[in-house]
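FYI, full-length UniProt numbering numbers position 98 of the sequence shown as 98, with every residue one higher than the one before it. Just so it is clear, CB atoms sit at the ideal spot from N, CA and C, and this is done for glycine as well. None of these values were measured; they are calculated from a predicted model. Following: one structure in structure tokens, then a few remarks.
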Amino acid sequence: MPSLEALGWSPFFEQQVQRINEIGLIPLRVVEEQRGSYRVLGEGGLWYAEVVGRLRHEASEVAADLPCVGDWVMARAPRGNAGEGTALIHFVIARRTKFSRKQAGEKTAEQVVAANIDTVFLVQSLNRDLNPRRLERYLTLLWESGAEPVVVLSKADLCADVESLMEAVERAAMGAAVHVTSAFSPGGLDALSPYLTPGRTVALVGSSGVGKSTMVNRLVGEDLMDVRDIRADGRGRHTTTARRLVVLPCGGMLLDTPGMRTVLMWGGEEGVAQAFEDIAELAGRCRFRDCTHASEPGCAVHAALEDGSLEAGRFQSYLKLQREVLHQAVKSDLRLRLAEQRRWRRIHLEARRRPDKRRI
Numbered sequence: 001m002p003s004l005e006a007l008g009w010s011p012f013f014e015q016q017v018q019r020i021n022e023i024g025l026i027p028l029r030v031v032e033e034q035r036g037s038y039r040v041l042g043e044g045g046l047w048y049a050e051v052v053g054r055l056r057h058e059a060s061e062v063a064a065d066l067p068c069v070g071d072w073v074m075a076r077a078p079r080g081n082a083g084e085g086t087a088l089i090h091f092v093i094a095r096r097t098k099f100s101r102k103q104a105g106e107k108t109a110e111q112v113v114a115a116n117i118d119t120v121f122l123v124q125s126l127n128r129d130l131n132p133r134r135l136e137r138y139l140t141l142l143w144e145s146g147a148e149p150v151v152v153l154s155k156a157d158l159c160a161d162v163e164s165l166m167e168a169v170e171r172a173a174m175g176a177a178v179h180v181t182s183a184f185s186p187g188g189l190d191a192l193s194p195y196l197t198p199g200r201t202v203a204l205v206g207s208s209g210v211g212k213s214t215m216v217n218r219l220v221g222e223d224l225m226d227v228r229d230i231r232a233d234g235r236g237r238h239t240t241t242a243r244r245l246v247v248l249p250c251g252g253m254l255l256d257t258p259g260m261r262t263v264l265m266w267g268g269e270e271g272v273a274q275a276f277e278d279i280a281e282l283a284g285r286c287r288f289r290d291c292t293h294a295s296e297p298g299c300a301v302h303a304a305l306e307d308g309s310l311e312a313g314r315f316q317s318y319l320k321l322q323r324e325v326l327h328q329a330v331k332s333d334l335r336l337r338l339a340e341q342r343r344w345r346r347i348h349l350e351a352r353r354r355p356d357k358r359r360i
């Protein structure tokens, strides 16, 4: 079995553990999650795991506090041989990085997609999936995560004009490395090797059908993931249905995620600034500090739009994401206040139900 260090353990997590004073708990890493059940891996082996009632109760208001793939947890391993029995997860160790999005639907809630990742491969297909505006949306969240975003252009063997598409991607992905790959060409994935060093964790995100599962299979050296053809209309089919962390022969770790149909903002203020650092730099040159980049005199952003050095589509994407981030922040702040009110109401009700020991 791999050591904790080989699984990504670091002094950051060691410091968190020193604050937990419960005998018999050991650190384990969550390597799979599916419908509330988990698999965890550590020096003692691989186990199925479940969350203790206290932790589930505490996370009832904020589901993002429950474990997700990539998390380090403190758990009580079952007695007996490795793989036998069920481990009990008592604590989720503070996350070093996390890639989150807003949960789909009307509810304003965070969904943590992957935790404690060093790098995120944003996989986009050179076949039919490429969309600069969607790329900017993903990158906003990835910069916010604290991990290093890397754009991976897949299926180069199916593209007749790689060069022009590469230029469009580089304009949309300023500040992020961009690599062209092919899972079916000799050496087609070699550009990814520097990121997959021992003890480092790389997550793969992107839409369905862009080639994430095929990429995992080639890097692992065996068919771990189911692979399906894309549909006749060019839209991808879901082949990965659960998040899963696998250890590669090279010692690095890959975290595969299901394809995302919607990418909704969660947080993102810093992410917008980094994903659109060219616009942020232009804004710093405006005559007025509070310039809205609409009709003010001396606006450097408007001047860049006029001379063509800034694409109108990119600027509109920037404005749209800014609005979404602000709207989500307002709704989230209200949600947190209401959750805190409900928590204290529950505490007061429970206190009233307890017998008054002072009368005994």
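> Can the beta-carbon of Val210 be found closer than 8 Å to that of Val123?
Replying inline: yes
>> On the DSSP letters alone, give me the boundaries of the beta strand (DSSP E) that Ala87 sits inside.
In response: 86-92
>> Among Ala168, Phe184, Gly146, whose alpha-carbon lies nearest the alpha-carbon of Lys155?
In response: Of the candidates Ala168, Phe184, Gly146, Phe184 places its Cα closest to the Cα of Lys155.
>> So, for Arg96: in the same chain, excluding its five sequence neighbours on each side, which residues have a beta-carbon less than 6 Å away from its beta-carbon?
In response: Phe12, Asn116
>> If distances are taken between C-alpha atoms only, which option among Met215, Arg79, Trp9 comes closest to Ser182?
In response: Met215
> Does DSSP classify His293 as helix, strand or coil?
Replying inline: His293 carries a coil assignment under DSSP once its states are collapsed to helix, strand and coil.
>> What does the alpha-carbon distance come out to for the pair Arg76 and Val62?
In response: 23 Å
>> Tell me which residue opens and which closes the alpha helix (DSSP H) that Pro132 is part of.
In response: Counting along the chain, Pro132 sits inside the alpha helix (DSSP H) bounded by residues 132-145.
> DSSP three-state call for Ala63: helix, strand or coil?
Replying inline: helix
> When you compare each of Leu158, Cys159, Ala172, Asp157 to Pro149 by their alpha carbons, which one comes out closest?
Replying inline: Ala172
> Going by alpha carbons, who is nearest to Val112 out of Glu170, Asp333, Ala64?
Replying inline: Ala64
> Which runs of the alpha helix (DSSP H), 4 residues or longer, sit entirely within the segment 6-72?
Replying inline: You should have 11-17, 53-58.
> What distance in whole Å lies between the Cβ atoms of Leu255 and Ala203, which are believed to be in contact at a cut-off of 8 Å?
Replying inline: The beta-carbon separation of Ala203 and Leu255, rounded to 4 Å, stays under the 8 Å limit for a contact.
>> Is it buried or exposed, Leu141, if we count other Cβ atoms within 10 angstroms and call 16 or more buried?
In response: buried
>> Taking only three categories from DSSP, how would you classify Thr214?
In response: The DSSP-derived three-state label of Thr214 is helix.
> Buried or exposed: which applies to Ser193, given that a residue is buried once 16 or more other Cβ atoms fall within 10 Å of its Cβ?
Replying inline: exposed
>> By the three-class DSSP mapping on this structure, what secondary structure does Gln103 have?
In response: coil
> Assuming Trp47 contacts Ala94 under a Cβ cut-off of 8 Å, what Cβ separation, rounded to an integer in Å, is found between them?
Replying inline: Trp47 to Ala94, Cβ: 22 Å. No contact.
> By a C-beta neighbour count over all protein chains shown, 10 Å radius and 16 as the cutoff for buried, is Gly105 buried or exposed?
Replying inline: Classification for Gly105: exposed.
> Where Arg243 and Ser309 are concerned, what is the direct C-alpha to C-alpha distance, given to the nearest angstrom?
Replying inline: 40 Å
>> By DSSP's criteria, Thr181 is part of a beta bridge. Which residues make up the other side?
In response: The partner list for Thr181 (beta bridge, DSSP) is empty, contrary to what the question assumes.
> Can you give the Cα-Cα distance for Met1 and Val247, rounded to whole angstroms?
Replying inline: 11 Å
> Quick one: Cα of Ser60 to Cα of Ala109, how far?
Replying inline: Separation of Ser60 and Ala109 (C-alpha to C-alpha, rounded to the nearest whole angstrom) is 12 Å.
>> Pop quiz: Ala168 and Pro132 are said to be a contact at Cβ under 8 Å. What is the actual Cβ separation, rounded to whole angstroms?
In response: 6 Å
> Is Val205 closer than 8 Å to Val69 when the C-beta atoms are compared?
Replying inline: no
> Beta carbon of Glu32, beta carbon of Leu4: below 8 Å?
Replying inline: no
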